[in-house]
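Shown next, in structure tokens, is the structure this report addresses.
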Amino acid sequence: MNKKGLAPKRVLGIVALLNSINAGATGITNLRSDKKAETRPTKSGKLAMAGETVTLISYIAAHVAEQDKNPKLAKLLRKLGAGAFAASLPLAVHATRIYIERAINGNAEKENPEEPRQITDVNRTLGSMAMLGRLSGRS
22 MNKKGLAPKR VLGIVALLNS INAGATGITN LRSDKKAETR PTKSGKLAMA GETVTLISYI
82 AAHVAEQDKN PKLAKLLRKL GAGAFAASLP LAVHATRIYI ERAINGNAEK ENPEEPRQIT
142 DVNRTLGSMA MLGRLSGRS
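Be aware that the sequence shown starts at 22, since it is given in our numbering, and climbs by one per residue.
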């Protein structure tokens with residue numbers, strides 16, 4: 022993408038840098054963690070990756086639109102790419118911070134430890150059953 026000038030060099034550089042740091046930090050975390058290969062991506066990391074994907078696809082589509090002699094569409098797609106990149110940047114920085122903290126601390130735990138999943142699911146199921154019983158008139 023860089024050689025063909027499909028996207029701005031700064032955008033490509035920042036995406037590559039953040040993803041490289043994340044990969045390195047995840048590798049270190051996996052090496053230092055008691056739970057090998059248990060590192061999970063953060064929600065912010067998933068959203069950042071989605072934004073980066075929209076960014077890159079928008080820039081590629083803008084290039085295609087230019088080739089088809091449609092400058093208005095190309096301009097719109099470039100703005101979409103820039104907007105998606107701007108929106109994904111804070112999420113990507115947050116995810117990178119979390120991955121670095123995990124690497125330093127050597128744990129592969131989630132961002133915020135939550136109530137055990139099974140207990141939450143049981144409570145939700147029991148609540149649903151009670152509500153259905155009330156609605157059907159069988160209390």
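For each residue, glycine too, the CB sits at the ideal point set by N, CA and C.
{"Query": "Where the alpha helix (DSSP H) containing SER54 begins and where it ends", "Result": "Looking at the DSSP string, SER54 is not in any alpha helix (DSSP H), and its letter there is neither H nor E."}
{"Query": "Proximity of ASN43 and GLY66 at Cβ, strictly below 8 angstroms", "Result": "yes"}
{"Query": "Among LEU112, HIS84, LYS93, nearest to ALA28 - alpha-carbon criterion", "Result": "HIS84"}
{"Query": "Extent of the continuous alpha helix (DSSP H) to which LYS64 belongs", "Result": "64 to 88"}
{"Query": "Residues of its chain near LEU68, where Cβ-Cβ distance is below 8 angstroms and the 5 sequence neighbours each way are ignored", "Result": "SER109, LEU112"}
{"Query": "With 16 other Cβ atoms within 10 Å as the buried cut-off, status of ALA124", "Result": "buried"}
{"Query": "Whole-angstrom distance between GLY104 and LYS64, CA atom to CA atom", "Result": "20 angstroms"}
{"Query": "Whole-angstrom distance between ILE119 and THR50, CA atom to CA atom", "Result": "11 angstroms"}
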